[in-house]
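Undergrad: Okay, here's the structure, questions in a sec.
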Amino acid sequence: AATGGSTTVRQVKLEKECELRVEASADSPLRLRLLTGTAEIFGTEIPPGIWLNFPPRLKFAVFTWYGATIEMDGSTETDYTADETPMISYINVHAVLDGRRNRAKASPSDSDTSQGPRVIVVGPTDSGKSTLSRMLLSWAAKQGWKPTFVDLDIGQGSITIPGCVAATPIELPIDPVEGIPLEMPMVYFFGHVTPSANIDHYKVLVKELAQTLEMQFSGNAESRASGMVINTMGWIEGVGYELLLHAIDTFNATVILVLGQEKLCSMLKDVLKNRPNVDVVKLQKSGGVVSRNAKVRQKARGYRIRGVWYSYFSAYPCNAKRTFFLSLLLPQEYFYGPSNDLSPHSNVVNFSDLFIYRIGGGPQAPRSALPIGAEPAADPTRLVPVSISRDLLHLVLAVSYAKEQDQIISSNVAGFIYVTDIDLNRKKITYLAPCAGELPSKNLIVGTLTWIEN
Ligand code: ADP
């Protein structure tokens, strides 16, 4: 049962197939080490004897297959041991996927059979989708595969800041504290935290990402056999459901894992029943998944932006740091890095040095309001130049890789800047960027993603 939280150094003995569920306290650090046995955090084994430092508010579980003793030092909001977990069913899924990867590897020349599993994880918000994705990726990486992690969750991305769809290869089990190292993520900027802001644009980006990965896979048998794990949004009703189907089609998903929702599972089984090569599998949601209300989620978004936007600049000629997987680091830590080793740069440039665009021409006229046969005038994927004004203050802008204007929509982005001042008299714009110096491109994309530093 929940202890409610404690502060002393203590040992916890875990029986086989049990887990210790922890929520680190909001204002003080927590460390933990493995004394005996073996244990893992979301699919990644923890090294014996070494203290791991967890940032405040982090929610995680230490699971053991064969039994373990854990020592904890520091305070927690809650910590309790659970003997009922869905881990066996999750590892069974992994075993099936592993078999398919081996089969794919054995026939590298055949374009169909050389494709490893393409797994998509779906379910409502807070059903444990990101966590399951993470486990499947870490277990696969532990066995030497290099699965591709695709994150379509623009509300709460695990790879980069919110408002993006992104992908990155996972070559090592994901570090429980450091998260996913980002050498070369593939990131497309949508610029809003909900797809309803511009459904067509969202679909275009999902398609671009899928096509780019398809191209990479065609020249890389190892990635191809390893397959992908796709994490999705928690929006599963109405248009959200349509977007799930769109993602399943666009990525040619072969395994659909449905977490915690009977209805969604039967709906998907029904629409996909004529596709013999697609498996729809219902999985139990873990009792350890912590629900976050909308406010907490919004806060987490802010923290992620702090942590990631400036550390992620793959094309940028500076010491781009790894990003942090954790969504709830303290702002201060996040901004300056966990060991105070990051410092963003403030840059001032002329208005004329930057070209800023947004995608889509504002709210669309509904077709029903138009004369029969007429097309809505505002193309949702139209590139619209934005003139610089105070409206840009506190917005997060993406730096496109596109050199030409007409490539912007279909290009991925190099990183992000954050607008901190607009001087209309001198026509100067001040922004924070990961480092000093010129941006990789003058073409910037703006959406509605804001962030107020506090
Ligand atoms: P979703 O992606 O479906 O929104 P997440 O996988 O992000 O859900 O899980 C929600 C929260 O619950 C996260 O903070 C995660 O770390 C936490 N969590 C997931 N599984 C467990 C568990 N077994 N024990 C403790 N916390 C967990």
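Per UniProt numbering, residue 12 is the first one in the sequence shown, and the count goes up by one each step. For every residue, glycine included, the Cβ atom is placed at its ideal position computed from N, Cα and C.
1. Tell me whether A72, by its Cβ, gets closer than 6 Å to a heavy atom of the ligand MN.
2. State the start and end residues of the unbroken alpha helix (DSSP H) segment that holds Y213.
3. If I'm right that I185 touches R129 with Cβ under 8 Å, what's the distance once you round it to whole angstroms?
4. First and last residue of the beta strand (DSSP E) that includes V300?
5. Using alpha carbons as the reference points, say which of K157, G245, S169 lies closest to G127.
6. I'd like the ranges of any alpha helix (DSSP H) spanning at least 4 consecutive residues and lying wholly in the stretch 127 to 189.
7. Could you please give the first and the last residue of the uninterrupted beta strand (DSSP E) stretch that includes I428?
8. Would you call the stretch 152 to 171 and the stretch 436 to 454 in contact, with 3 or more CB pairs under 8 Å?
9. Relative to the C-alpha of V176, which candidate in D434, G426, A117 has its C-alpha closest?
10. Look up H356 in the DSSP assignment and give the residues it is bridged to.
11. Which residues share a DSSP beta bridge with A79?
12. Can you give me the C-alpha to C-alpha distance between T392 and I370, rounded to a whole angstrom?
13. Within 10 angstroms of the Cβ of Y77, are there 16 or more other Cβ atoms? Answer buried if so, exposed if not.
14. Look at the alpha carbon of A115 and the alpha carbon of L108, and state the distance between them as a whole number of angstroms.
15. Would you say the beta carbon of G251 comes nearer than 6 Å to a heavy atom of the ligand ADP?
16. Are there 16 or more other CB atoms within 10 angstroms of the CB of I61, so buried, or fewer, so exposed?
17. Would you list, in sequence order, the uninterrupted beta strand (DSSP E) runs of no fewer than 3 residues that lie entirely inside the stretch 384 to 418?
18. What separation, rounded to the nearest whole angstrom, lies between the Cα atoms of P287 and L406?
19. Are there any heavy atoms of the ligand ADP lying less than 6 Å away from the beta-carbon of T171, as far as the coordinates show?
20. Which residue comes first and which comes last in the beta strand (DSSP E) that contains P88?
21. Taking all protein chains shown into account, decide if A117 is buried (16 or more other Cβ within 10 angstroms of its Cβ) or exposed.
22. The ligand ADP and S100: does the residue's C-beta get closer than 6 Å to at least one heavy atom of that ligand?
23. Who pairs with K293 in a beta bridge, going by DSSP?
24. Apart from the five residues just before and just after T47, which ones in its own chain have a Cβ nearer than 7 Å to its Cβ?
25. Could you check whether the Cβ of G271 sits closer than 6 Å to any heavy atom belonging to the ligand ADP?
26. Within 10 angstroms of its Cβ, does V282 collect 16 or more other Cβ (buried), or is it exposed?
27. Within 6 Å: the Cβ of D162 and any heavy atom of the ligand ADP?
28. Could you tell me the boundaries of the alpha helix (DSSP H) in which L450 lies?
29. By the 10 Å Cβ neighbour count, where 16 or more other Cβ atoms means buried, how is M197 classified, buried or exposed?
30. By how many angstroms is the C-alpha of G271 removed from the C-alpha of G249?
31. Would Y199 and P206 be called neighbours here (beta carbons separated by less than 7 Å)?
32. When we look at the beta-carbon of I99 and count the other beta-carbons within 10 Å, is it buried (16 or more) or exposed?
33. Who are residue 466's beta bridge partners in DSSP?
34. T461 bridges to which residues according to DSSP?
35. Taking the alpha-carbon positions, what's the S141 to S169 distance?
36. Are the Cβ atoms of T89 and L25 separated by less than 7 Å?
TA: In short, the structure shows the following:
1. No copy of the ligand MN appears in this structure; the ligands present are the ligand ADP.
2. Residue 213 sits at position 202 when you count from the first residue of the sequence shown. Secondary structure note for Y213: its alpha helix (DSSP H) is the uninterrupted segment 210 to 229.
3. Position 174 of the sequence shown, counted from the first residue, corresponds to residue 185. Position 118 of the sequence shown, counted from the first residue, corresponds to residue 129. The pair is not a contact, with the Cβ atoms about 19 Å apart (cut-off 8 Å).
4. Within the sequence shown, residue 300 is the residue found at index 289, counting from 1. From DSSP, V300 is part of no beta strand (DSSP E); its letter is neither H nor E.
5. Along the sequence shown, read from residue 1 onward, the residue named residue 127 stands at position 116. Out of K157, G245, S169, K157 has the C-alpha closest to the C-alpha of G127.
6. Fully enclosed alpha helix (DSSP H) runs of 4 or longer: 140 to 153.
7. Residue numbering aside, residue 428 sits at position 417 when the sequence shown is read from its first letter. Unbroken beta strand (DSSP E) run through I428: 424 to 434.
8. Flag = no, the stretch 152 to 171 and the stretch 436 to 454 do not touch.
9. Your numbering for residue 176 matches position 165 in the sequence shown. Nearest option by C-alpha distance: G426.
10. Within the sequence shown, numbered from 1, the residue matching residue 356 stands at position 345. H356 pairs with A444.
11. Working through the sequence shown from its first residue, we reach residue 79 at position 68. L25, G48.
12. Residue mapping note: residue 392 aligns to position 381 of the sequence shown, counting from 1. Residue mapping note: residue 370 aligns to position 359 of the sequence shown, counting from 1. The C-alpha of T392 lies about 6 Å from the C-alpha of I370.
13. Along the sequence shown, one-based indexing puts residue 77 at 66. With fewer than 16 other Cβ atoms within 10 Å, it is exposed.
14. For the purposes of this step, residue 115 is identified with residue 104 of the sequence shown, where counting begins at 1. For the purposes of this step, residue 108 is identified with residue 97 of the sequence shown, where counting begins at 1. Taking the straight line from one Cα to the other gives about 10 Å.
15. For the purposes of this step, residue 251 is identified with residue 240 of the sequence shown, where counting begins at 1. For the ligand ADP, not one heavy atom lies less than 6 Å from the Cβ of G251.
16. Stepping through the sequence shown from its first residue, residue 61 is reached at position 50. Exposed, because fewer than 16 other Cβ atoms sit within 10 Å of the Cβ of I61.
17. 394 to 396, 406 to 411
18. Residue 287 sits at position 276 when you count from the first residue of the sequence shown. Residue 406 sits at position 395 when you count from the first residue of the sequence shown. Each residue's alpha carbon lies about 46 Å from the other.
19. If you number the sequence shown from 1, residue 171 lands on position 160. It does not: the Cβ of T171 is nowhere closer than 6 Å to a heavy atom of the ligand ADP.
20. In the sequence shown, residue 88 corresponds to position 77, counting from 1. The sequence shown places Glu at residue 88, rather than the Pro named in the question. Looking at the DSSP string, the run of the beta strand (DSSP E) that includes E88 is 87 to 93.
21. The sequence position of residue 117 within the sequence shown is 106, counting from 1. Exposed.
22. For the purposes of this step, residue 100 is identified with residue 89 of the sequence shown, where counting begins at 1. Incorrect: S100 has no Cβ contact closer than 6 Å to the ligand ADP.
23. Counted from its first residue, the sequence shown places residue 293 at position 282. According to DSSP, which records beta bridges pairwise, K293 is partnered with V269.
24. Here residue 47 corresponds to residue number 36 of the sequence shown, with the count starting at 1. Only A79, T80 meet the Cβ criterion.
25. The residue given as residue 271 occupies position 260 in the sequence shown. Result no, Cβ not under 6 Å from the ligand ADP.
26. Numbered from 1 along the sequence shown, position 271 holds the residue referred to as residue 282. Classification of V282: exposed, given that the 10 Å Cβ count is below 16.
27. What you label residue 162 is simply residue 151 of the sequence shown in a count that begins at 1. No - the ligand ADP has no heavy atom lying nearer than 6 Å to the Cβ of D162.
28. Start at 1 with the first residue of the sequence shown, and residue 450 comes out as number 439. Membership of L450 in any alpha helix (DSSP H) is not indicated, and neither H nor E is assigned to it by DSSP.
29. For the purposes of this step, residue 197 is taken as residue 186 along the sequence shown, with counting starting at 1. Per the 10 Å Cβ criterion, buried.
30. Indexing the sequence shown from 1 puts residue 249 at position 238. Indexing the sequence shown from 1 puts residue 271 at position 260. Cα-Cα distance, rounded: 18 Å.
31. One-based indexing of the sequence shown puts residue 199 at position 188. One-based indexing of the sequence shown puts residue 206 at position 195. Judged by their CB atoms, Y199 and P206 are not nearer to each other than the 7 Å cut-off.
32. Taking the sequence shown and counting its residues from 1, the one referred to as residue 99 is at position 88. Under this definition I99 is an exposed residue.
33. Nothing can be reported for residue 466: it is not among the residues displayed for the chain, which extend from 12 to 465.
34. By 1-based counting over the sequence shown, the position of residue 461 is 450. Looking at the DSSP assignment, T461 forms a beta bridge with L406.
35. As a working note, residue 141 is residue 130 in the sequence shown. As a working note, residue 169 is residue 158 in the sequence shown. When rounded, the distance between both Cα atoms is 8 Å.
36. For the purposes of this step, residue 89 is taken as the residue at position 78 of the sequence shown. For the purposes of this step, residue 25 is taken as the residue at position 14 of the sequence shown. No, they are not a contact pair.
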